[in-house]
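In my numbering, the protein residues as written are 17 to 471.
One structure is given here, and the rest of the page talks about it.
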Ligand code: SAH
Ligand code: SF4
Ligand code: F3S
């Protein structure tokens with residue numbers, strides 16, 4: 017019996033897929049690279065924008081068609097589109113909206129229910145012989161041991177959910193209440209990874225730097241003795257440099273929870289990388305307030321100034337939404353001004369997409385036209401290209417440490433990322449994959465650095 021998982025969305029979903037895979041393997045399934053051969057096809061979905069959901073609906077139509085030639089195929093959905101773990105055999109009133117919408121769909125499960133996948137499959141298809149798994153430790157989905165997709169790099173989740181309720185965002189509804197994973201579990205997972213040769217760990221969560229500080233964390237009290245639990249966690253993990261950990265990253269932090277202590281940790285800790293991803297979303301204070309971001313541009317800029325004071329060459333990147341409800345030309349221009357002011361060297365630009373159930377969907381009008389959103393997006397994208405190139409050019413002549421991720425046989429080029437998270441290509445060999453090498457940068461393109469390996 018074979019399974020195939022299609023993953024969309026962020027690093028969190030990529031990491032979750034590794035846990036769903038290992039659960040399926042415990043249940044006796046084997047991974048296939050050929051989707052058409054699968055007996056179970058699972059979509060791990062993203063809801064952040066309508067486009068992501070539409071991709072799932074489109075591909076679902078294809079997969080549903082395969083049931084004609086393979087009647088035992090089971091189709092499932094997990095990830096952020098799911099609200100309610102249920103199957104085609106659950107009573108109709110308790111079924112998730114997706115089961116009511118897609119008639120060939122067999123089961124859906126909330127990602128937090130991954131450890132109950134065996135029960136879900138048995139309900140969806142009682143004829144399957146699903147082994148009973150021992151209970152030990154599986155009461156929490158993050159305790160499922162993942163099947164990592166590569167050896168030298170890994171994502172490690174440190175919290176679930178989000179309590180911030182930015183008005184445009186579906187995540188708190190999709191992922192539920194914010195709760196941090198016990199520090200000893202994270203340290204154990206990371207130690208095991210590093211002992212097996214992992215060189216780069218990225219800690220993932222929706223607002224990683226509020227680790228240990230959510231309402232549920234305060235209620236359970238396990239972080240009560242720590243002043244700054246996130247920095248304490250980073251300090252603990254930094255000790256893994258002795259065992260071979262080369263870099264520690266995290267994504268995404270929230271500007272509201274960023275403090276000097278954390279910025280200083282970047283300079284102090286050996287394996288924390290000089291890359292700061294700080295999503296701003298908008299450069300206009302009224303828009304920021306309407307988004308419920310709880311900071312002003314001025315406050316955000318102070319963080320950037322501090323970062324650049326301590327680590328002048330660090331990469332500073334962001335996320336921006338254009339065309340949020342009621343955004344005027346003048347308010348958008350404030351975002352342009354902010355861009356010119358901060359000059360982020362990379363940014364993920366999104367056009368506002370209303371999400372059902374969020375505050376902005378209920379209370380505000382999506383009144384910026386599609387054309388205006390496109391125009392604003394393109395204007396910012398031009399700036400982004402210029403700033404990315406400007407940063408890359410500042411890297412020429414320098415020697416950067418690159419963790420090699422791939423090799424292209426046709427061009428003979430190896431490719432990896434620098435500590436600043438920039439793509440670097442250089443003439444190399446396939447056996448460099450997974451190794452850290454020094455590369456002298458000779459040429460800067462908009463999104464890529466080119467160079468030569470030095471010994
Ligand atoms: N937790 C992170 C963001 C996670 S979502 C933070 O708070 O910064 C990733 C990005 O998707 C967001 O930063 C935002 O830019 C974008 N996004 C979220 N909801 C959106 C929506 N409704 N429309 C368009 N972009 C959205
Ligand atoms: Fe969404 Fe805001 Fe939470 Fe980020 S902090 S996941 S944007 S609600
Ligand atoms: Fe998408 Fe969910 Fe991540 S909505 S961005 S997959 S947390």
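Virtual Cβ for every residue (Gly too), placed ideally from N, Cα, C.
Predicted, not measured: the structure shown is a model, and the values here were computed from it.
Where the alpha helix (DSSP H) through residue i begins and ends
i	result
residue 313	313-326
residue 357	345-358
residue 245	245-254
residue 290	Segment: none, residue 290 is in no alpha helix (DSSP H) and carries neither H nor E.
residue 188	187-191
residue 410	386-410
residue 207	199-211
residue 66	66-81
residue 303	301-306
residue 121	Element bounds for residue 121: n/a, residue is neither H nor E.
residue 224	Note, residue 224: premise wrong, no alpha helix (DSSP H); not H, not E.
residue 194	Element bounds for residue 194: n/a, residue is neither H nor E.
residue 165	No alpha helix (DSSP H) holds residue 165; DSSP gives it neither H nor E.
residue 278	276-284
residue 378	375-379
Where the beta strand (DSSP E) through residue i begins and ends
i	result
residue 264	263-267
residue 465	464-470
residue 92	90-95
residue 217	216-220
residue 17	Looking at the DSSP string, residue 17 is not in any beta strand (DSSP E), and its letter there is neither H nor E.
residue 45	That residue, residue 45, is in no beta strand (DSSP E); it is neither H nor E in DSSP.
residue 144	No beta strand (DSSP E) holds residue 144; DSSP gives it neither H nor E.
residue 170	169-173
residue 135	Premise fails: residue 135 lies in the alpha helix (DSSP H), 133-140, not in any beta strand (DSSP E).
residue 424	415-424
residue 234	First-last for residue 234: 231-236, but that is the alpha helix (DSSP H), not the beta strand (DSSP E).
residue 98	Residue 98 -> no beta strand (DSSP E), and no H or E assigned at all.
residue 59	56-61
residue 441	439-443
Cβ separation of residue i and residue j, assumed to be a contact under 8 Å, to the nearest whole Å
i	j	result
residue 332	residue 326	About 12 Å; that fails the 8 Å criterion.
residue 389	residue 432	About 35 Å separates the two Cβ atoms, so there is no contact after all.
residue 147	residue 44	6 Å
residue 230	residue 179	6 Å
residue 311	residue 335	Not confirmed; about 14 Å, so no contact.
residue 39	residue 131	7 Å
residue 294	residue 328	That belief does not hold up - the Cβ atoms of residue 294 and residue 328 are roughly 16 Å apart, past 8 Å.
residue 96	residue 191	7 Å
residue 427	residue 459	In fact, because the Cβ distance is near 14 Å, the residues do not count as touching under 8 Å.
Check: residue i C-beta below 6 Å from any heavy atom of the ligand F3S
i	result
residue 63	yes
residue 459	no
residue 128	no
residue 28	yes
residue 475	The question about residue 475 has no answer, for the chain in this structure spans 17 to 471.
residue 206	no
residue 287	no
residue 96	yes
Residue i CB to nearest heavy atom of the ligand SF4 below 6 Å
i	result
residue 168	no
Closer than 7 Å to chain B by CB, residue i
i	result
residue 95	Note that chain B does not occur in the displayed structure, where there is just one protein chain.
beta-carbon residue i near the ligand SAH non-hydrogen atom, thresh 6 Å
i	result
residue 335	yes
residue 371	yes
residue 268	yes
residue 368	yes
residue 295	yes
Cβ contact check for the segment 181-189 and the segment 364-381: 3 or more pairs under 8 Å: yes
Cβ contact check for the segment 269-286 and the segment 314-329: 3 or more pairs under 8 Å: yes
At least three beta-carbon pairs within less than 8 Å, the segment 201-211 to the segment 232-241: Contact annotation: the segment 201-211 does not touch the segment 232-241, with fewer than three C-beta pairs closer than 8 Å.
Around the ligand SF4, Cβ to any heavy atom closer than 6 Å, ordered along the chain: 178, 180, 181, 182, 185, 187, 188, 222, 223, 270
The segment 88-95 / the segment 119-133 touching (three or more Cβ pairs under 8 Å): Judged by Cβ distances under 8 Å, the segment 88-95 makes contact with the segment 119-133, as three or more pairs qualify.
Sufficient close CB pairs (3 or more, under 8 Å) joining the segment 391-408 to the segment 345-352: yes
Meets three-Cβ-pair contact criterion under 8 Å: the segment 57-68 and the segment 21-41: yes
Touching by the beta-carbon criterion (3+ pairs, under 8 Å), the segment 161-181 and the segment 298-305: No, the segment 161-181 is not in contact with the segment 298-305.
At least three beta-carbon pairs within less than 8 Å, the segment 401-418 to the segment 458-466: Touching, per the Cβ criterion.
Inter-stretch contact at 8 Å, needing at least 3 Cβ pairs: the segment 197-204 / the segment 238-256: yes
Inter-stretch contact at 8 Å, needing at least 3 Cβ pairs: the segment 377-389 / the segment 432-444: Fewer than three Cβ pairs drawn from the segment 377-389 and the segment 432-444 lie within less than 8 Å of each other, which leaves the two stretches out of contact.
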